[in-house]
Structure formats: C-alpha cells, structure tokens
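Undergrad: Chains A and B supply the protein sequences, listed in that same order. Take 169 as the starting number for the first sequence in my numbering and just add one per residue. Take 169 as the starting number for the second sequence in my numbering and just add one per residue.
2 protein chains.
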Amino acid sequence: MTGLVKFAGGFAIAAMIAAMPLVAGAAEDPKDVIDYREHIMKTLDAQTAALGMIVSTQVTDENLVAHTEAIAITAKQALASFKLNVPGGESKPEVWKNWPDFEKRMNEFVEKTDKLAKSAKTGGVPVVMEQMVDALTCKGCHDVYREKK
Amino acid sequence: MTGLVKFAGGFAIAAMIAAMPLVAGAAEDPKDVIDYREHIMKTLDAQTAALGMIVSTQVTDENLVAHTEAIAITAKQALASFKLNVPGGESKPEVWKNWPDFEKRMNEFVEKTDKLAKSAKTGGVPVVMEQMVDALTCKGCHDVYREKK
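1) Kindly give me the distance between the Cβ atoms of Pro198 (chain A) and Val254 (chain A), rounded to whole angstroms, as I take these residues to be in contact under 8 Å.
2) Going by DSSP in three states, Ser259 (chain B) sits in which element: helix, strand or coil?
3) On the three-pair Cβ rule with 8 Å, is the segment 284-298 of chain B touching the segment 213-223 of chain B?
4) Please list, in chain order, the chain B residues whose beta carbon lies closer than 8 Å to that of Met221 (chain A).
5) Report yes if the C-beta distance between Ile208 (chain B) and Asn231 (chain A) is below 9 Å; otherwise report no.
6) Between Glu206 (chain B) and Phe270 (chain A), what straight-line distance do the alpha-carbon atoms span, to the nearest angstrom?
7) In angstroms, rounded to a whole number, what distance separates the CA positions of Asp229 (chain B) and Asn275 (chain B)?
8) What does the Cβ neighbour count give for Ala238 (chain A), buried or exposed, with the cut at 16 atoms within 10 Å?
9) For a quick check, are the C-beta atoms of Phe250 (chain A) and Val263 (chain A) less than 9 Å apart?
10) Distance, Cα to Cα, Thr211 (chain A) vs Gln245 (chain B)?
11) Mind pulling the chain B residues with CB within less than 7 Å of Glu230 (chain A)?
12) Could you spell out the range, first to last residue, of the alpha helix (DSSP H) harbouring Arg314 (chain B)?
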C-alpha cells in the first residue's frame with residue numbers, strides 16, 4: 169500500500185508541475201535572475217539602437233540581417249528569462265500579476281521579430297523599415313510593465 | 169601619351185583601392201560609427217555575461233544555445249563595425265595601425281564563436297564549458313586594443 173500511495177503521490181506532483189505556468193529555477197538567487205534578465209534587455213536595447221542607426225542611414229547596412237537575427241534570438245531569451253518568475257529590477261509586479269497578457273505580448277514580440285529577420289534577408293532595409301515599428305513593440309510593453317526610471 | 173598616363177594612373181588607383189584593408193563609410197559621421205560599434209560591444213558584453221551565468225549554474229540553461237548564437241552573430245557585426253575605419257571611443261589607434269593582427273584575431277573570434285554555437289546545440293553546457301575559454305578571446309584583444317578605463 170505504501171508503495172502505491174508513493175506512486176500516486178508521484179503522479180500528482182508530476183501533474184502539478186506540468187500545469188504550472190511559471191517554474192522558478194531550482195536554486196537560483198533572485199538577484200542573479202534579475203541581473204540575467206537585465207543582460208538580455210541590454211542586448212535588445214543595444215541591437216535595436218544599432219538597427220535604428222542603419223535604418224536612419226547613419227551607418228552602413230552591412231549588418232542589417234545580423235541585427236535583426238540577434239534581436240529575434242534575444243526576444244526568445246527574454247521570454248524565457250521572465251518565465252523564471254522573479255519580480256524585481258525594473259520589472260513591475262504586473263508582469264507576473266497579468267502574466268497571460270504579458271506572455272501574449274512577448275510571444276507576439278518573438279513571432280514578429282522572427283518574421284522581421286526573415287524579411288531582412290530578402291527585402292533589405294526597405295522591408296525592415298516597413299515592418300520594424302510593428303515588430304519592435306518595446307515601448308508598448310515598457311509603458312505598462314517597466315518601472316519608470 | 170596623356171591618355172596612357174591617365175589610364176595607367178587609373179589602374180594604379182584601382183590597385184591601391186583593392187589593396188586597402190579598410191574602406192570608410194560613404195558619408196558617416198565618425199561619432200555615429202563609434203556609437204554603433206559600442207552598441208555591438210555592449211551586446212557582446214551582455215551576452216557573454218549571460219552565458220557566464222548559465223555556465224556557473226547561477227541561472228537555468230534554457231537559453232544556452234540562444235546566447236552562443238547571439239554571440240556568434242554579434243562577433244560578425246563587430247568585425248564589420250571596425251572595418252568602417254573610424255578610430256576613437258575605447259579603441260586604441262593600434263586597432264588600425266596593426267590592422268592585419270587585429271583582423272586575424274577578430275576572424276578567429278568569428279570562427280570560434282560560430283563553432284561554439286554549433287557545439288552548444290549538440291553538446292550542451294559541458295561542451296560550452298570546454299570550448300568557451302578558447303572561443304571568447306575578449307580579454308586578449310581588449311588588453312592590447314582597448315583603452316583602459
């Protein structure tokens with residue numbers, strides 16, 4: 169009987185874990201998770217700034233595709249870093265309170281930046297100019313979910 | 169004769185241009201080029217820091233491959249940004265004075281980070297730990313080519 173109870177208990181725990189939308193890291197220090205997230209957001213900041221300099225013709229467009237690829241990859245990193253479920257830093261508690269909305273926005277950001285990177289390869293600067301305002305939704309999300317400095 | 173001289177002169181100029189390792193941007197403001205390069209170096213800084221946090225088990229390894237990919241893409245961006253041939257910022261003039269050495273180091277950085285990204289996909293954290301010291305040659309280059317803060 170004890171064996172069966174243990175077994176059933178094991179299933180229940182497995183089901184609970186599978187249903188959890190957010191899984192905090194095993195033994196992560198919250199400060200580390202916040203630092204990690206900030207490394208990712210700084211990357212997005214730097215890469216979108218660099219892309220902006222190309223689009224505004226301040227610098228050559230040689231790295232156009234590379235910047236859109238870096239942004240698309242980092243968008244995925246960002247979503248994963250927020251799933252670690254550690255409030256703090258510049259993130260408002262609303263990120264986790266309104267998780268379905270936040271996750272929806274982040275998923276759209278991932279999808280649209282992925283599309284932007286594909287478009288950049290074939291269409292170059294003109295197509296990036298067309299799509300980037302819709303793809304780079306940074307401000308919309310920051311207005312709601314980031315603490316004002 | 170004048171025609172021939174001009175023609176020969178044209179060849180000489182063409183040969184000179186072909187031999188130039190560095191081609192400055194058409195109408196770029198030097199300050200813009202330096203800002204642009206710094207966005208790229210900040211990306212490398214942030215992404216290698218994030219990767220370091222995974223390797224030191226401070227955070228989950230979910231983004232392992234994504235960080236190595238972002239580093240590999242950004243390494244290529246960096247080489248292109250230095251080719252714009254604008255001294256200044258934190259770059260010592262030696263970058264352009266010793267261009268063959270600098271370019272060789274940057275090409276190695278590009279190749280090795282590309283390999284690291286491929287290894288991360290198949291070998292995970294253990295293989296990244298094995299290869300990252302050799303691939304992330306940041307310090308070796310900074311010691312020689314970056315102004316001390």
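C-beta atoms are modelled at their ideal positions from N, C-alpha and C, and glycine is treated no differently.
TA: Taking the definition as stated:
1) Within the first sequence, the letter at position 30 stands for residue 198 (chain A). Within the first sequence, the letter at position 86 stands for residue 254 (chain A). Their Cβ separation, rounded to whole angstroms, is 5 Å, which keeps Pro198 (chain A) and Val254 (chain A) in contact under 8 Å.
2) What you label residue 259 (chain B) is simply residue 91 of the second sequence in a count that begins at 1. Note: Ser259 (chain B) maps to strand in three-state DSSP.
3) yes
4) Counting from 1 along the first sequence, the entry for residue 221 (chain A) is found at position 53. Chain B residues near Met221 (chain A): Asp200, Asp203, Tyr204, His207.
5) Residue mapping note: residue 208 (chain B) aligns to position 40 of the second sequence, counting from 1. Residue mapping note: residue 231 (chain A) aligns to position 63 of the first sequence, counting from 1. The answer is yes: Cβ separation under 9 Å.
6) Within the second sequence, numbered from 1, the residue matching residue 206 (chain B) stands at position 38. Within the first sequence, numbered from 1, the residue matching residue 270 (chain A) stands at position 102. Cα-Cα distance, rounded: 30 Å.
7) Walking along the second sequence from the start, residue 229 (chain B) turns up at place 61. Walking along the second sequence from the start, residue 275 (chain B) turns up at place 107. Distance between the alpha carbons of Asp229 (chain B) and Asn275 (chain B): 28 Å.
8) Here the question's residue 238 (chain A) lines up with position 70 in the first sequence. Ala238 (chain A) should be labelled buried.
9) If you number the first sequence from 1, residue 250 (chain A) lands on position 82. If you number the first sequence from 1, residue 263 (chain A) lands on position 95. For Phe250 (chain A) and Val263 (chain A), yes; Cβs fall inside 9 Å.
10) Position 43 of the first sequence, counted from the first residue, corresponds to residue 211 (chain A). Position 77 of the second sequence, counted from the first residue, corresponds to residue 245 (chain B). Approximately 13 Å between the Cα atoms of the pair.
11) In the first sequence, the residue the question calls residue 230 (chain A) occupies position 62. The contacting residues are Ala248.
12) The residue labelled residue 314 (chain B) in the question sits at position 146 within the second sequence. No alpha helix (DSSP H) contains Arg314 (chain B), which DSSP labels as neither H nor E.
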